[in-house]
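Novice: In our numbering, the protein residues as written are -9 to 239. For every residue, glycine included, the Cβ atom is placed at its ideal position computed from N, Cα and C. As the structure is a prediction and not an experimental result, all values here were calculated from the model.
#1: Going straight from the alpha carbon of residue 41 to that of residue 93, what length do you get?
#2: Give me the Cα-Cα distance between residue 172 and residue 143, rounded to the nearest whole angstrom.
#3: My understanding is that residue 51 touches residue 36, with C-beta atoms under 8 Å, so please give their C-beta distance in whole angstroms.
#4: Can you tell me which of the three DSSP states residue 80 falls into?
#5: Determine the closest residue to residue 55 out of 65, 12, 11 and 48, with distance taken between C-alpha atoms.
#6: Do residue 227 and residue 164 have their C-beta atoms closer together than 9 Å?
#7: Quick check: residue 199 and residue 9, are their CB atoms within less than 9 Å of each other?
#8: Assess contact between the segment 142 to 161 and the segment 196 to 210, defined as three or more Cβ pairs (one per stretch) separated by less than 8 Å. Is contact present?
#9: Helix, strand or coil: how does DSSP classify residue 218 here?
#10: Let's test the definition: count the other Cβ atoms within 10 Å of the Cβ of residue 152 and tell me whether it reaches 16, buried, or not, exposed.
#11: Looking only at its own chain, which residues have a Cβ that is under 7 Å from the Cβ of residue 183, when we skip the five neighbours before and after it?
#12: Return helix, strand or coil for residue -6, following the three-state DSSP convention.
#13: Looking at the strands, I want to know which residues DSSP matches up with residue 51.
#14: Tell me, please, which residues DSSP counts as bridged to residue 6.
#15: Does the Cβ-Cβ distance between residue 238 and residue 210 come in under 9 Å?
#16: In angstroms, rounded to a whole number, what distance separates the CA positions of residue 232 and residue 80?
#17: Taking its Cβ as the centre, do 16 or more other Cβ atoms sit within 10 Å of residue 126, making it buried, or is it exposed?
#18: What does a CB cutoff of less than 7 Å around residue 61 pick up in its chain, not counting 5 residues either side in sequence?
#19: Mind checking whether residue 245 and residue 49 have CB atoms under 9 Å apart?
#20: Does DSSP put residue 223 in a helix, a strand or coil?
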């Protein structure tokens, strides 16, 4: 376990389940006070917070829709004032998928994915960067996807949103590196979450993974933890693939 950082907040968006939940639990073990964000799944967020506290960590819940910049700004201002702590870590994990072939995709399905997966992180990074610059310190980790690196048939909206997140990561790292702020991305491949449940070609895809297994949410959380630690103090602007070798970098 790393040195305790109880005065610092790590906000993990979409922390009710999956990668978000695993990341929140891991960063709590690392000593951060966790802002457990959710939008609709309050029960899941409460379960995450309970697990954090059972493990000896601490945190609190925060609800907002990542597509709503006013709700984000108001929520984060309220949260930091309530707990009298600054946000030092931002994990942009919240995301959605609405798959479909381009010729059959509605404007709404494209817009919803882009607004959640790309606009949401933009709004959150904008708020956090304004605070981090004054401290000359901070870490941002954006959860992208293998689909954002290589594309995927039937996921033009999802792939575009995750590719945009990688580009935003690189650009922002160049803007704020001189202020002591690091910005990186993690691009998971096939990870055992609800998002891939029911995928008809799962076994076929698994056979193509050199490590021979589907990844776990803890695999991703461990990478995020590293990027938030002092061990990665000279790493910024990078996208780390967590995909079992499915797409060698």
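Specialist: On the basis of the data shown:
#1: Indexing the chain shown from 1 puts residue 41 at position 51. Indexing the chain shown from 1 puts residue 93 at position 103. About 44 Å.
#2: Taking the first residue of the chain shown as 1, we reach residue 172 at position 182. Taking the first residue of the chain shown as 1, we reach residue 143 at position 153. Their backbone Cα atoms lie some 32 Å apart in a straight line.
#3: Stepping through the chain shown from its first residue, residue 51 is reached at position 61. Stepping through the chain shown from its first residue, residue 36 is reached at position 46. With 8 Å as the limit, residue 51 and residue 36 qualify as a contact, their Cβ atoms being about 7 Å apart.
#4: In the chain shown, counting from the first residue as 1, residue 80 sits at position 90. In the structure shown, residue 80 sits in a strand (DSSP, three-state: E or B).
#5: As a first step, residue 55 is located in the chain shown; it is residue number 65 there, counting from the start. Checked all of 65, 12, 11 and 48; the closest Cα to residue 55 is 65.
#6: Translated into positions along the chain shown, residue 227 becomes position 237. Translated into positions along the chain shown, residue 164 becomes position 174. Yes, these two residues count as a Cβ contact at 9 Å.
#7: Numbered from 1 along the chain shown, position 209 holds the residue referred to as residue 199. Numbered from 1 along the chain shown, position 19 holds the residue referred to as residue 9. Their beta carbons are not under 9 Å apart, which means residue 199 does not touch residue 9 by this criterion.
#8: no
#9: By 1-based counting over the chain shown, the position of residue 218 is 228. Of the three classes helix, strand and coil, the one that applies to residue 218 here is coil, per DSSP.
#10: What you label residue 152 is simply residue 162 of the chain shown in a count that begins at 1. Buried, since its Cβ has 16 or more Cβ neighbours within 10 Å.
#11: Against the chain shown, residue 183 aligns to sequence position 193. Counting only Cβ-Cβ distances below 7 Å, and skipping sequence neighbours, we find 8, 9 and 207.
#12: Mapped onto the chain shown, residue -6 falls at position 4. With a pLDDT of only 44 at residue -6, under the threshold of 50, the placement of this residue in the model should not be trusted, and no figure is reported.
#13: Locating residue 51 in the chain shown gives position 61, where the first residue counts as 1. BP columns for residue 51 point to 26.
#14: Here residue 6 refers to the residue found at position 16 of the chain shown. Paired residues: none, contrary to the question.
#15: If you number the chain shown from 1, residue 238 lands on position 248. If you number the chain shown from 1, residue 210 lands on position 220. No, Cβ-Cβ distance for residue 238 and residue 210 is not below 9 Å.
#16: Looking up residue 232 in the chain shown gives position 242. Looking up residue 80 in the chain shown gives position 90. Answer to the nearest angstrom: the Cα atoms are 19 Å apart.
#17: Indexing the chain shown from 1 puts residue 126 at position 136. The residue in question, residue 126, is exposed, as its Cβ has fewer than 16 Cβ neighbours within 10 Å.
#18: Taking the first residue of the chain shown as 1, we reach residue 61 at position 71. 54 and 55, listed in sequence order.
#19: Nothing can be reported for residue 245, as the shown portion of the chain is limited to -9 through 239.
#20: Counted from its first residue, the chain shown places residue 223 at position 233. DSSP places residue 223 in coil when its eight states are reduced to three.
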